[in-house]
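Trainee:
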Amino acid sequence: MNALLSNPFKEGLRKGDTQIGLWLSSTTSYMAEIAATSGYDWLLIDGEHAPNTVQDLYHQLQAIAPYASQPVIRPIEGSKALIKQVLDIGAQTLLIPMVDTAEQARQVVSATRYPPLGQRGVGASVARAARWGRIDNYMAQANESLCLLVQVESKVALENLDAILEVEGIDGVFIGPADLSASLGYPDNAGHPEVQRIIEACIYRIRAAGKAA
Numbered sequence: 106m107n108a109l110l111s112n113p114f115k116e117g118l119r120k121g122d123t124q125i126g127l128w129l130s131s132t133t134s135y136m137a138e139i140a141a142t143s144g145y146d147w148l149l150i151d152g153e154h155a156p157n158t159v160q161d162l163y164h165q166l167q168a169i170a171p172y173a174s175q176p177v178i179r180p181i182e183g184s185k186a187l188i189k190q191v192l193d194i195g196a197q198t199l200l201i202p203m204v205d206t207a208e209q210a211r212q213v214v215s216a217t218r219y220p221p222l223g224q225r226g227v228g229a230s231v232a233r234a235a236r237w238g239r240i241d242n243y244m245a246q247a248n249e250s251l252c253l254l255v256q257v258e259s260k261v262a263l264e265n266l267d268a269i270l271e272v273e274g275i276d277g278v279f280i281g282p283a284d285l286s287a288s289l290g291y292p293d294n295a296g297h298p299e300v301q302r303i304i305e306a307c308i309y310r311i312r313a314a315g316k317a318a
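Counting with this note's numbering, you get residues 106 to 318 for the letters of the sequence shown.
What follows is the structure in structure tokens.
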């Protein structure tokens, strides 16, 4: 199968396009498909704070697939095993929560790339992402089309932000305002002026490093 993988969401980030999206926390493919018909550029399927299993994520990816909206998966955490499963079911864009250090960021990058660029397990013949082995040169295409976003949402992560931004393979950084505000001593107050000042400064640093924010 001579198919080419593409990731319009990643291309939009590279070009600096404004992309409008919606957070999905319902866990149902029915709601995911309704959202996919509503004209959003991206739809984030939340596996961190919504009770989504890998199978739930799979069904929602299937529901979104016929439409233009691009799915973004946020797994509950960034372990190598979970990332492997989520990528194999067809996710191309990941948002990994609670990345506090450059070493964590490097581990996540490695988990999302096939060898020799990383440590993603090889199982294309049984993976939806590879159309069950039918996509030619799948491993190289998967490495190229993968879009990886990490969340900076703690005081420790702020201290390590510049080092995280230097990690090759990170396409963008999302500031998690709720967790960050709590970590900074302003629980339930992400709108506090000091929190907002810090977030704005972080966004400037992220963009200056050539990453999406």
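Think of the CB as a built atom: it goes at the ideal place given N, C-alpha and C, for glycine as much as any other residue.
All of these numbers come straight from a predicted model, not from anything done at the bench.
Rounded to whole angstroms, what's the CA-CA distance from V231 to P171? Just pull it up for me.
Mentor: Roughly 21 angstroms between the two C-alpha positions.
Trainee: Could you tell me which of G226, N294, P292 and E153 sits nearest to A247, measuring between CA atoms?
Mentor: Comparing Cα positions, the closest option is G226.
Trainee: Under 7 angstroms between the Cβ atoms of G274 and V214?
Mentor: Cβ distance < 7 angstroms, so G274 and V214 count as in contact.
Trainee: Do I178 and I150 have their CB atoms nearer than 7 angstroms?
Mentor: Contact: yes.
Trainee: Comparing alpha-carbon positions, which option in A295, E264, V278 and P292 lies nearest L199?
Mentor: Comparing Cα-Cα distances from L199 to each of A295, E264, V278 and P292, the minimum goes to V278.
Trainee: Touching or not, the segment 109–116 and the segment 179–198, by the rule of three or more beta carbon pairs under 8 angstroms?
Mentor: Yes: the two stretches touch, three or more of their Cβ pairs being nearer than 8 angstroms.
Trainee: Output the residue ranges of the alpha helix (DSSP H) runs that lie fully inside the segment 195–260 and measure 4 residues or longer, sorted by chain position.
Mentor: Fully enclosed alpha helix (DSSP H) runs of 4 or longer: 207–217 and 243–250.
Trainee: Do you know how far the Cα of P282 is from the Cα of V261?
Mentor: The alpha-carbon atoms of V261 and P282 are separated by roughly 14 angstroms.
Trainee: Can you give me the C-alpha to C-alpha distance between A186 and P298, rounded to a whole angstrom?
Mentor: Straight-line Cα distance between these residues: approximately 39 angstroms.
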